[in-house]
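Novice: Dropping a structure here in structure tokens format, bear with me for questions.
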Amino acid sequence: MDEIDRAILNRLQIGFPICASPFLKVAEQLGVDENDLLLRLQRMQADGVLSRFGPMYHAEQMGGALTLAALKVPEERFDEVTRIVNSFPEVAHNYARSHALNMWFVLASDQAERLAEVIAAIESATGLRVYDMPKNREYYVGLNFAV
Amino acid sequence: MIEDAKDFALIAAVQAGLPVAARPYALIAEKIGLTEGQVLERLQRLRQCGLIKRWGVVVQHRALGYRANAMIVMDIPDSQVDQVGRLISRYDCVNLCYQRPRYPGVWPYNLYCMIHGKSRDAVWVQWQHLQDECQLQAYPFEMLFSARCFKQRGAQYARLNQGATNGANPQIPTSNPVAAYG
Chain A
1 MDEIDRAILN RLQIGFPICA SPFLKVAEQL GVDENDLLLR LQRMQADGVL
51 SRFGPMYHAE QMGGALTLAA LKVPEERFDE VTRIVNSFPE VAHNYARSHA
101 LNMWFVLASD QAERLAEVIA AIESATGLRV YDMPKNREYY VGLNFAV
Chain B
1001 MIEDAKDFAL IAAVQAGLPV AARPYALIAE KIGLTEGQVL ERLQRLRQCG
1051 LIKRWGVVVQ HRALGYRANA MIVMDIPDSQ VDQVGRLISR YDCVNLCYQR
1101 PRYPGVWPYN LYCMIHGKSR DAVWVQWQHL QDECQLQAYP FEMLFSARCF
1151 KQRGAQYARL NQGATNGANP QIPTSNPVAA YG
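Okay, here's the thing in structure tokens:
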């Protein structure tokens, strides 16, 4: 990754134009050739540095919902519980974290009522209480990784 | 808001990302039977109304060297939590900031933020800076680093996937099956 790649990633994390030739517009802003930009982006996608150009949707506006949930998993049952939790397609992320509440996962569905069903199903399959921590408020932040 | 089946087909078509090509919106338009201009108009409307929260490149932060990922949770008096949440979300090092419910006796924390860094030390330095700047020293907090990541694939919206693969959702016109871009 060189300085031009870094400038491209930093610029595109701020936002991507919605116009007929968006890559041309970005290329002009950065002072690079459009074809060079496209080739660099294809290479960075192949290398796994960037995953996609696209949307983050507002789940609630689609009639859906998101929540964060946590479990206290006994160490010896960690692998088994991980398999159960990950088997639900509604589980978007799942991380082990260093705390008594040691498993944290995000549930997302475009059907809001589905989240309670999944939580109940995880509780019944694991015998563990799910601590549901839906957001009460979200404070605006830009999701940026300076490179 | 979603106005019609064409909106829904468009939302499904761009879920997996735009093709990296000179006229990406024209390629999407062709897939779902709209013109390029109609796709641009609809996407702008969906972004303005907030259904699309963010429209940009999604980077793999681990591949960029951001390997230390901390969820910092704080116990802030309810009367001040909004003010503190708004304040810390202005800092560049903070990637997400939410207020969530407490579980008395188990979990006293009501404000969450994420700080990603290239090392745990770097995250600590940023957090200490944030504590100083925002005068957070008096509030109980914990920093939960992620130890292992078991799953990270982003939200999958079932109705969109259905629309993207077989057009089975009644809202999706079956004459315009939507292909997902891998």
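First to last, the sequence lines map onto chains A and B.
Going by our numbering, the first sequence opens with residue 1, and the numbers climb by one from there.
Going by our numbering, the second sequence opens with residue 1001, and the numbers climb by one from there.
Note that beta-carbon positions come from the ideal geometry of N, C-alpha and C, so glycine has one too.
Since we're looking at a predicted model, the values are computed, not measured.
#1: Should the stretch 45 to 61 of chain A be called in touch with the stretch 1049 to 1067 of chain B, which here means at least 3 C-beta pairs below 8 Å?
#2: With a threshold of 16 other CB atoms inside 10 Å of the CB of B:M1001, please say whether the residue is buried or exposed.
#3: Below 8 Å on the Cβ atoms is my guess for A:Q13 versus B:V1020; work out the distance and round it to an integer in Å.
#4: Give me, in chain order, the residues of the same chain whose beta-carbon lies closer than 6 Å to that of A:V66; leave out the 5 immediate sequence neighbours on both sides.
#5: The beta strand (DSSP E) spanning B:R1047 covers which residue range?
#6: Strictly below 9 Å CB to CB, what residues from chain A border B:E1036?
#7: What's the C-alpha gap between B:E1133 and B:C1113?
#8: Does the separation of the CB atoms of A:N136 and B:R1047 fall below 8 Å?
#9: Would you list the residues sitting across from A:T67 in a DSSP beta bridge?
#10: Comparing C-alpha positions only, which one of A:L115, A:E138, A:Y140 sits nearest to A:V130?
#11: On a CA-only basis, which of B:D1007, B:A1068, B:A1122 is nearest B:R1045? Give me that one, please.
#12: With a cut-off of 8 Å, does the C-beta of A:G127 fall near any C-beta of chain B?
#13: For chain B, is any of its Cβ atoms less than 8 Å away from the one on A:V91?
#14: Considering just the uninterrupted stretch of the beta strand (DSSP E) at B:H1116, what are its terminal residues?
#15: Please report the straight-line C-alpha distance between B:S1119 and B:K1031, rounded to a whole angstrom.
#16: Tell me, please, whether the CB atom of B:F1150 is closer than 8 Å to any CB atom in chain A?
#17: Put A:D132 into one of helix, strand or coil per three-state DSSP.
#18: Once DSSP output is grouped into helix, strand and coil, what is the label at A:P55?
#19: Hey, out of B:L1040, B:Y1109, B:A1070, whose CA is closest to B:N1095's CA?
#20: If I measure Cβ to Cβ from B:T1035 and keep anything under 8 Å in the same chain, skipping five residues before and after, which residues do I get?
#21: Since A:G49 meets chain B, which of its residues come closer than 7 Å, beta carbon to beta carbon?
#22: What would DSSP say about A:L41, mapped onto helix, strand or coil?
Specialist: Let me spell this out:
#1: yes
#2: exposed
#3: The Cβ separation is near 16 Å, so there is no contact.
#4: Sequence inspection shows Leu at residue 66 of chain A; the Val mentioned does not correspond to that position. Around A:L66: A59, A108.
#5: No beta strand (DSSP E) contains B:R1047, which is instead part of the alpha helix (DSSP H) from 1036 to 1048.
#6: A20
#7: 15 Å
#8: no
#9: A:L107
#10: A:L115
#11: B:D1007
#12: no
#13: yes
#14: 1111 to 1117
#15: 43 Å
#16: yes
#17: strand
#18: strand
#19: B:A1070
#20: A1029
#21: Note on residue identity: the sequence assigns Val, not Gly, to residue 49 of chain A. Ordered by position in chain B, the residues that pass the 7 Å Cβ test against A:V49 are V1059, Q1060, A1063, L1064.
#22: helix
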